[in-house]
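Residue numbers (the numbering used here): 109 to 492.
We put the CB at the ideal spot given by N, CA and C, even for glycine.
Input: a single structure, listed below in C-alpha coordinates.
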(Lines of atoms letter the chains of each structure in order from A and count residues from 1; the text may use other names and numbers.)
(Lines give C-alpha, C1' and ligand atoms only; values in the text may rest on other atoms or scores of the structure.)
Protein backbone atom coordinates (compact mmCIF):
# COMPACT_ATOMS: atom_id res chain seq x y z
CA UNK A 1 0.00 0.00 0.00
CA UNK A 2 2.73 2.51 0.94
CA UNK A 3 6.42 2.83 1.80
CA UNK A 4 7.35 4.48 5.10
CA UNK A 5 10.94 5.55 5.72
CA UNK A 6 12.15 6.08 9.30
CA UNK A 7 14.96 8.55 9.96
CA UNK A 8 15.30 7.80 13.69
CA UNK A 9 14.56 4.93 16.00
CA UNK A 10 10.78 4.98 16.32
CA UNK A 11 8.94 3.14 19.09
CA UNK A 12 7.74 -0.26 17.89
CA UNK A 13 4.21 0.43 19.12
CA UNK A 14 4.04 3.24 16.55
CA UNK A 15 5.49 1.24 13.68
CA UNK A 16 3.01 -1.55 14.40
CA UNK A 17 0.19 0.87 13.54
CA UNK A 18 0.95 0.56 9.83
CA UNK A 19 0.22 -3.17 9.57
CA UNK A 20 -0.18 -5.17 6.38
CA UNK A 21 0.38 -3.43 3.09
CA UNK A 22 3.06 -1.10 4.39
CA UNK A 23 6.81 -1.40 4.03
CA UNK A 24 8.51 0.34 6.94
CA UNK A 25 12.19 0.86 7.72
CA UNK A 26 15.22 3.11 7.57
CA UNK A 27 16.39 1.67 4.24
CA UNK A 28 13.09 2.16 2.40
CA UNK A 29 13.54 3.86 -0.98
CA UNK A 30 11.09 6.17 -2.75
CA UNK A 31 8.99 6.59 0.40
CA UNK A 32 5.40 7.77 0.36
CA UNK A 33 5.97 9.14 3.86
CA UNK A 34 8.80 9.73 6.30
CA UNK A 35 8.57 9.24 10.06
CA UNK A 36 11.13 11.30 11.98
CA UNK A 37 12.03 12.43 15.47
CA UNK A 38 15.16 14.61 15.63
CA UNK A 39 17.00 13.99 12.33
CA UNK A 40 17.72 17.24 10.51
CA UNK A 41 16.05 17.27 7.10
CA UNK A 42 16.85 20.74 5.77
CA UNK A 43 19.54 19.53 3.36
CA UNK A 44 17.60 16.51 2.14
CA UNK A 45 16.31 16.25 -1.42
CA UNK A 46 12.84 14.73 -1.35
CA UNK A 47 11.77 12.15 -3.94
CA UNK A 48 8.71 12.81 -6.07
CA UNK A 49 6.97 9.94 -4.26
CA UNK A 50 7.03 11.72 -0.88
CA UNK A 51 3.57 12.88 0.16
CA UNK A 52 3.91 13.43 3.91
CA UNK A 53 6.29 13.72 6.85
CA UNK A 54 5.27 12.72 10.36
CA UNK A 55 7.23 14.29 13.21
CA UNK A 56 7.00 12.16 16.36
CA UNK A 57 7.03 15.22 18.60
CA UNK A 58 5.78 18.78 18.65
CA UNK A 59 8.67 20.90 17.37
CA UNK A 60 9.41 20.91 13.63
CA UNK A 61 12.59 23.01 13.58
CA UNK A 62 14.39 20.06 11.97
CA UNK A 63 12.04 20.00 8.97
CA UNK A 64 11.96 22.50 6.06
CA UNK A 65 8.26 23.16 6.54
CA UNK A 66 7.84 25.92 3.96
CA UNK A 67 9.74 24.01 1.26
CA UNK A 68 7.58 20.97 1.96
CA UNK A 69 4.42 23.03 1.55
CA UNK A 70 5.66 24.35 -1.80
CA UNK A 71 6.34 20.77 -2.93
CA UNK A 72 2.95 19.45 -1.79
CA UNK A 73 4.35 17.50 1.18
CA UNK A 74 2.09 17.63 4.23
CA UNK A 75 4.04 17.89 7.50
CA UNK A 76 2.39 16.53 10.63
CA UNK A 77 3.40 16.85 14.28
CA UNK A 78 2.01 15.37 17.49
CA UNK A 79 0.89 18.18 19.82
CA UNK A 80 0.04 16.96 23.29
CA UNK A 81 1.41 13.44 22.86
CA UNK A 82 4.37 14.17 25.14
CA UNK A 83 2.57 16.74 27.30
CA UNK A 84 2.44 14.67 30.48
CA UNK A 85 6.17 13.90 30.37
CA UNK A 86 7.03 17.59 30.00
CA UNK A 87 4.51 18.53 32.67
CA UNK A 88 6.12 16.17 35.17
CA UNK A 89 9.60 17.50 34.39
CA UNK A 90 8.29 21.04 34.86
CA UNK A 91 7.09 20.13 38.34
CA UNK A 92 10.54 18.70 39.04
CA UNK A 93 12.05 21.93 37.68
CA UNK A 94 10.00 23.94 40.15
CA UNK A 95 11.68 22.00 42.96
CA UNK A 96 15.12 22.36 41.39
CA UNK A 97 14.58 26.11 41.09
CA UNK A 98 13.44 26.37 44.71
CA UNK A 99 16.03 24.26 46.48
CA UNK A 100 19.65 23.65 45.57
CA UNK A 101 19.10 19.94 45.17
CA UNK A 102 21.69 19.57 42.43
CA UNK A 103 24.35 21.42 44.41
CA UNK A 104 23.55 19.42 47.53
CA UNK A 105 23.80 16.09 45.73
CA UNK A 106 27.10 17.07 44.14
CA UNK A 107 28.47 18.21 47.51
CA UNK A 108 27.30 15.05 49.29
CA UNK A 109 29.11 12.89 46.74
CA UNK A 110 32.42 14.48 47.81
CA UNK A 111 32.10 13.47 51.47
CA UNK A 112 34.50 10.71 52.52
CA UNK A 113 34.55 10.39 56.32
CA UNK A 114 32.15 11.00 59.18
CA UNK A 115 29.47 11.57 56.57
CA UNK A 116 26.47 11.96 58.90
CA UNK A 117 28.21 14.65 60.95
CA UNK A 118 29.39 16.47 57.83
CA UNK A 119 25.90 16.41 56.37
CA UNK A 120 24.34 17.97 59.46
CA UNK A 121 27.05 20.61 59.58
CA UNK A 122 26.98 21.59 55.90
CA UNK A 123 23.41 21.12 54.72
CA UNK A 124 22.31 24.66 55.54
CA UNK A 125 24.22 26.03 52.55
CA UNK A 126 21.72 24.26 50.29
CA UNK A 127 18.52 25.39 52.04
CA UNK A 128 15.78 26.72 49.80
CA UNK A 129 12.11 27.63 49.61
CA UNK A 130 8.79 25.80 49.40
CA UNK A 131 6.47 26.38 46.44
CA UNK A 132 3.21 26.25 48.39
CA UNK A 133 1.60 29.67 48.55
CA UNK A 134 3.93 31.14 45.92
CA UNK A 135 2.66 32.55 42.63
CA UNK A 136 3.46 30.73 39.39
CA UNK A 137 3.10 32.55 36.10
CA UNK A 138 2.48 30.25 33.13
CA UNK A 139 3.19 31.72 29.71
CA UNK A 140 1.43 29.56 27.14
CA UNK A 141 -1.60 27.49 28.12
CA UNK A 142 -1.61 24.83 25.43
CA UNK A 143 -1.43 21.09 26.01
CA UNK A 144 1.63 21.34 28.28
CA UNK A 145 1.13 24.74 29.89
CA UNK A 146 -2.45 23.95 30.82
CA UNK A 147 -1.44 20.71 32.52
CA UNK A 148 1.37 22.51 34.38
CA UNK A 149 -1.04 25.19 35.58
CA UNK A 150 -3.52 22.64 36.91
CA UNK A 151 -0.82 20.55 38.59
CA UNK A 152 0.78 23.58 40.25
CA UNK A 153 -2.58 24.68 41.58
CA UNK A 154 -3.13 21.25 43.11
CA UNK A 155 0.26 21.63 44.82
CA UNK A 156 -0.94 24.76 46.58
CA UNK A 157 0.46 27.45 44.32
CA UNK A 158 -1.37 30.54 43.15
CA UNK A 159 -1.37 30.32 39.36
CA UNK A 160 -1.79 33.05 36.77
CA UNK A 161 -1.63 32.27 33.08
CA UNK A 162 -1.46 34.12 29.80
CA UNK A 163 -2.00 32.81 26.28
CA UNK A 164 -3.30 35.17 23.58
CA UNK A 165 -3.90 32.19 21.30
CA UNK A 166 -5.57 29.77 23.70
CA UNK A 167 -8.04 27.45 22.03
CA UNK A 168 -11.54 26.74 23.27
CA UNK A 169 -10.48 23.15 23.99
CA UNK A 170 -7.47 24.40 25.97
CA UNK A 171 -9.64 26.73 28.00
CA UNK A 172 -12.08 23.91 28.82
CA UNK A 173 -9.26 21.87 30.36
CA UNK A 174 -8.05 24.65 32.65
CA UNK A 175 -9.03 24.70 36.30
CA UNK A 176 -11.39 27.58 37.06
CA UNK A 177 -8.97 28.54 39.83
CA UNK A 178 -6.33 29.64 37.29
CA UNK A 179 -6.23 33.41 37.12
CA UNK A 180 -6.17 35.02 33.67
CA UNK A 181 -3.44 37.58 33.06
CA UNK A 182 -4.25 40.30 30.54
CA UNK A 183 -0.71 40.27 29.14
CA UNK A 184 2.80 38.96 29.83
CA UNK A 185 3.68 42.07 31.84
CA UNK A 186 1.08 41.11 34.44
CA UNK A 187 2.86 37.80 34.89
CA UNK A 188 6.29 39.45 35.01
CA UNK A 189 5.14 41.83 37.74
CA UNK A 190 3.37 39.33 39.99
CA UNK A 191 4.96 35.89 39.66
CA UNK A 192 7.51 34.36 42.03
CA UNK A 193 8.09 31.65 39.43
CA UNK A 194 7.68 31.90 35.65
CA UNK A 195 7.47 28.89 33.34
CA UNK A 196 7.52 29.14 29.55
CA UNK A 197 5.41 26.91 27.29
CA UNK A 198 5.31 28.68 23.92
CA UNK A 199 6.81 27.75 20.52
CA UNK A 200 9.95 29.38 19.16
CA UNK A 201 8.85 32.01 16.64
CA UNK A 202 10.22 35.37 15.56
CA UNK A 203 7.75 36.92 18.02
CA UNK A 204 8.80 34.81 21.02
CA UNK A 205 12.56 34.74 20.39
CA UNK A 206 14.37 36.41 23.33
CA UNK A 207 11.06 37.21 25.02
CA UNK A 208 12.93 36.87 28.32
CA UNK A 209 15.49 39.67 28.07
CA UNK A 210 16.84 42.61 30.05
CA UNK A 211 13.65 44.61 29.50
CA UNK A 212 11.23 41.89 30.54
CA UNK A 213 13.43 40.78 33.46
CA UNK A 214 13.47 44.34 34.79
CA UNK A 215 9.67 44.10 35.18
CA UNK A 216 9.92 40.94 37.29
CA UNK A 217 10.00 40.60 41.04
CA UNK A 218 13.41 40.48 42.70
CA UNK A 219 14.46 36.86 43.22
CA UNK A 220 12.21 35.49 40.47
CA UNK A 221 12.82 31.90 39.40
CA UNK A 222 12.47 31.08 35.69
CA UNK A 223 11.82 27.70 34.06
CA UNK A 224 12.23 27.10 30.33
CA UNK A 225 11.48 23.63 29.03
CA UNK A 226 10.12 24.96 25.72
CA UNK A 227 12.97 26.29 23.52
CA UNK A 228 16.39 27.80 24.22
CA UNK A 229 15.72 30.77 21.93
CA UNK A 230 13.01 32.11 24.23
CA UNK A 231 15.62 33.41 26.68
CA UNK A 232 18.44 35.86 25.98
CA UNK A 233 21.33 34.07 27.68
CA UNK A 234 23.54 37.15 28.11
CA UNK A 235 20.76 39.17 29.76
CA UNK A 236 19.82 36.24 31.97
CA UNK A 237 23.38 35.77 33.22
CA UNK A 238 23.61 39.45 34.11
CA UNK A 239 20.35 39.19 36.06
CA UNK A 240 21.59 36.11 37.91
CA UNK A 241 24.85 37.82 38.84
CA UNK A 242 22.93 40.86 40.12
CA UNK A 243 20.52 38.72 42.15
CA UNK A 244 17.48 39.87 40.18
CA UNK A 245 16.91 36.27 39.06
CA UNK A 246 17.43 33.68 41.79
CA UNK A 247 17.62 30.63 39.54
CA UNK A 248 17.03 29.39 36.02
CA UNK A 249 16.16 25.82 35.07
CA UNK A 250 16.23 24.89 31.40
CA UNK A 251 16.03 21.76 29.29
CA UNK A 252 18.44 23.22 26.73
CA UNK A 253 22.13 23.29 27.70
CA UNK A 254 24.27 25.64 25.61
CA UNK A 255 27.89 26.75 25.78
CA UNK A 256 26.76 30.11 27.15
CA UNK A 257 25.04 28.80 30.26
CA UNK A 258 26.88 25.64 31.31
CA UNK A 259 28.65 26.05 34.63
CA UNK A 260 26.95 29.35 35.47
CA UNK A 261 25.98 29.64 39.14
CA UNK A 262 22.22 29.59 39.56
CA UNK A 263 21.53 27.69 36.34
CA UNK A 264 20.38 24.07 36.24
CA UNK A 265 20.74 22.69 32.72
CA UNK A 266 18.83 19.46 32.06
CA UNK A 267 19.93 17.50 28.95
CA UNK A 268 16.67 17.86 26.98
CA UNK A 269 14.74 15.25 28.93
CA UNK A 270 11.28 16.81 28.62
CA UNK A 271 9.80 14.13 26.38
CA UNK A 272 12.38 11.46 27.15
CA UNK A 273 10.06 8.96 28.74
CA UNK A 274 8.98 5.61 27.34
CA UNK A 275 5.38 6.74 27.52
CA UNK A 276 5.98 9.98 25.62
CA UNK A 277 7.97 8.26 22.88
CA UNK A 278 5.25 5.63 22.49
CA UNK A 279 2.48 8.25 22.41
CA UNK A 280 4.28 10.39 19.82
CA UNK A 281 5.07 7.41 17.59
CA UNK A 282 1.49 6.12 17.64
CA UNK A 283 -0.01 9.55 16.99
CA UNK A 284 2.36 10.33 14.10
CA UNK A 285 1.77 6.91 12.51
CA UNK A 286 -2.00 7.31 12.71
CA UNK A 287 -1.82 10.79 11.14
CA UNK A 288 0.23 9.46 8.24
CA UNK A 289 -2.06 6.46 7.73
CA UNK A 290 -5.16 8.62 7.73
CA UNK A 291 -3.68 10.93 5.13
CA UNK A 292 -2.26 8.22 2.87
CA UNK A 293 -5.43 6.13 2.99
CA UNK A 294 -8.16 8.78 3.16
CA UNK A 295 -6.56 12.16 2.47
CA UNK A 296 -7.75 13.53 5.80
CA UNK A 297 -5.38 15.99 7.46
CA UNK A 298 -5.11 16.58 11.20
CA UNK A 299 -2.30 18.35 13.06
CA UNK A 300 -0.45 19.55 9.98
CA UNK A 301 1.87 22.52 10.45
CA UNK A 302 1.84 23.61 6.80
CA UNK A 303 -1.59 22.64 5.46
CA UNK A 304 -5.09 23.09 6.95
CA UNK A 305 -7.08 20.47 8.77
CA UNK A 306 -9.25 18.60 6.25
CA UNK A 307 -11.77 16.01 7.37
CA UNK A 308 -14.36 14.37 5.11
CA UNK A 309 -16.13 11.03 5.70
CA UNK A 310 -15.30 8.60 2.91
CA UNK A 311 -18.74 7.75 1.51
CA UNK A 312 -18.44 7.90 -2.30
CA UNK A 313 -16.60 5.58 -4.66
CA UNK A 314 -13.71 7.83 -5.69
CA UNK A 315 -11.68 10.47 -3.88
CA UNK A 316 -9.07 12.97 -5.00
CA UNK A 317 -6.96 15.36 -2.94
CA UNK A 318 -5.90 18.70 -4.40
CA UNK A 319 -3.19 20.70 -2.60
CA UNK A 320 -2.97 24.23 -3.90
CA UNK A 321 -2.12 27.84 -3.24
CA UNK A 322 -4.68 29.85 -1.31
CA UNK A 323 -5.67 32.06 -4.23
CA UNK A 324 -8.99 33.02 -5.89
CA UNK A 325 -10.80 30.84 -8.43
CA UNK A 326 -9.08 27.57 -7.51
CA UNK A 327 -12.26 25.71 -6.59
CA UNK A 328 -14.09 26.99 -9.66
CA UNK A 329 -11.31 25.78 -11.95
CA UNK A 330 -11.24 22.27 -10.48
CA UNK A 331 -14.99 21.80 -10.25
CA UNK A 332 -15.42 23.29 -13.72
CA UNK A 333 -13.13 20.65 -15.21
CA UNK A 334 -15.14 17.93 -13.50
CA UNK A 335 -18.37 19.42 -14.84
CA UNK A 336 -16.96 19.44 -18.36
CA UNK A 337 -16.50 15.66 -18.06
CA UNK A 338 -20.05 15.31 -16.68
CA UNK A 339 -18.67 14.13 -13.33
CA UNK A 340 -20.88 14.99 -10.38
CA UNK A 341 -19.32 15.93 -7.03
CA UNK A 342 -20.89 13.88 -4.24
CA UNK A 343 -18.95 15.42 -1.33
CA UNK A 344 -16.35 18.14 -1.01
CA UNK A 345 -14.44 20.06 1.66
CA UNK A 346 -11.98 22.91 1.30
CA UNK A 347 -9.88 24.78 3.84
CA UNK A 348 -6.90 27.10 3.89
CA UNK A 349 -3.96 27.84 6.15
CA UNK A 350 -1.91 30.89 5.33
CA UNK A 351 -0.66 30.70 1.75
CA UNK A 352 -1.75 27.10 1.25
CA UNK A 353 -5.03 25.24 0.95
CA UNK A 354 -6.41 21.79 0.37
CA UNK A 355 -9.54 20.32 -1.17
CA UNK A 356 -10.99 16.82 -0.91
CA UNK A 357 -13.46 15.85 -3.64
CA UNK A 358 -15.55 12.66 -3.81
CA UNK A 359 -17.34 11.36 -6.87
CA UNK A 360 -19.09 8.19 -7.88
CA UNK A 361 -17.66 8.45 -11.39
CA UNK A 362 -14.03 7.53 -12.02
CA UNK A 363 -11.55 10.36 -12.63
CA UNK A 364 -9.03 9.32 -15.27
CA UNK A 365 -5.35 10.23 -15.31
CA UNK A 366 -5.79 12.62 -18.21
CA UNK A 367 -8.11 14.75 -16.13
CA UNK A 368 -5.72 14.62 -13.17
CA UNK A 369 -2.98 15.90 -15.45
CA UNK A 370 -5.23 18.80 -16.46
CA UNK A 371 -5.72 19.61 -12.75
CA UNK A 372 -1.97 19.87 -12.25
CA UNK A 373 -1.83 22.34 -15.12
CA UNK A 374 -4.01 24.83 -13.24
CA UNK A 375 -1.93 27.77 -12.04
CA UNK A 376 -1.59 27.41 -8.27
CA UNK A 377 -2.21 23.67 -8.05
CA UNK A 378 0.74 22.02 -6.31
CA UNK A 379 -0.24 18.37 -6.13
CA UNK A 380 -3.11 16.07 -6.99
CA UNK A 381 -3.51 12.65 -5.37
CA UNK A 382 -6.08 10.04 -6.47
CA UNK A 383 -6.96 7.63 -3.67
CA UNK A 384 -9.58 5.51 -5.43
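Asked	Found
Report the option in 345, 385, 394, 477 whose CA atom is closest to the CA atom of residue 372.	345
Kindly provide the ranges of any alpha helix (DSSP H) runs that are 4 or more residues long and lie completely inside the region 298-358, ordered along the chain.	318-322, 341-350
List the endpoints of the continuous alpha helix (DSSP H) containing residue 397.	382-402
What does DSSP give as the partner residue(s) for residue 466 in the beta ladder?	423, 451
Expressed to the nearest angstrom, what Euclidean distance is found between the alpha-carbon atoms of residue 150 and residue 116?	15 Å
Just to confirm before moving on: does the CB-CB distance between residue 198 and residue 303 stay below 9 Å?	yes
What does a CB cutoff of less than 6 Å around residue 360 pick up in its chain, not counting 5 residues either side in sequence?	336
Does the pairing of the region 152-166 with the region 393-400 give three or more beta-carbon distances under 8 Å?	yes
Buried or exposed for residue 185, going by 16 or more other Cβ atoms inside 10 Å?	buried
Going straight from the alpha carbon of residue 239 to that of residue 459, what length do you get?	45 Å
Helix, strand or coil: which one does DSSP assign to residue 369?	coil
Measure from the alpha carbon of residue 114 to the alpha carbon of each residue in 124, 135, 125, then state which is nearest.	135
Which residues bound the beta strand (DSSP E) around residue 439?	Segment 434-444 is the alpha helix (DSSP H) holding residue 439; no beta strand (DSSP E) there.
Classify residue 385: buried if its beta carbon has 16 or more other beta carbons within 10 angstroms, exposed otherwise.	buried
In chain order, what residues of the same chain lie with their CB nearer than 8 Å to the CB of residue 418, ignoring the 5 residues before and after it?	402, 466
Could you check the C-alpha separation between residue 237 and residue 366 for me, to the nearest Å?	24 Å
Please look up how many angstroms separate the CB atoms of residue 413 and residue 405, rounded, as I've assumed it's under 8 Å.	6 Å
Ends of the alpha helix (DSSP H) at residue 258?	251-262
Per the DSSP calculation, residue 182 is bridged to which residue(s)?	160
Rank 482, 468, 145 by C-alpha distance to the C-alpha of residue 432 and give the top, closest one.	482
Taking the beta carbon of residue 443 as the centre, do at least 16 other beta carbons fall within 10 Å, making it buried, or is it exposed?	exposed
If you follow the alpha helix (DSSP H) that residue 476 is part of, which residue opens it and which one closes it?	473-480
Is DSSP giving residue 233 helix, strand or coil here?	helix
Under DSSP, the beta strand (DSSP E) around residue 244 begins and ends at which residues?	243-247
Is it true that the CB of residue 421 sits closer than 9 Å to the CB of residue 473?	no
Report the rounded CA-to-CA distance for residue 291 versus residue 207, giving the unit in angstroms.	29 Å
Should residue 145 go down as buried or exposed, given a rule of 16 or more other Cβ atoms within 10 Å for buried?	buried
Is the CB-CB distance between residue 434 and residue 477 below 9 Å?	no
Would the beta-carbon of residue 119 fall within 9 Å of that of residue 195?	no
Using the three-state DSSP reduction, which class does residue 286 fall into: helix, strand or coil?	coil
Check whether the Cβ atoms of residue 129 and residue 147 lie closer than 9 Å to each other.	no
Determine the DSSP secondary structure at residue 485, reduced to helix, strand or coil.	strand
Roughly how far, in whole angstroms, is the beta-carbon of residue 348 from the beta-carbon of residue 316, given that I think they are within contact range, below 8 Å?	Rounded, the Cβ-Cβ distance is 12 Å, inconsistent with contact.
Whole angstroms is fine: what's the gap from residue 409's alpha carbon to residue 297's?	34 Å
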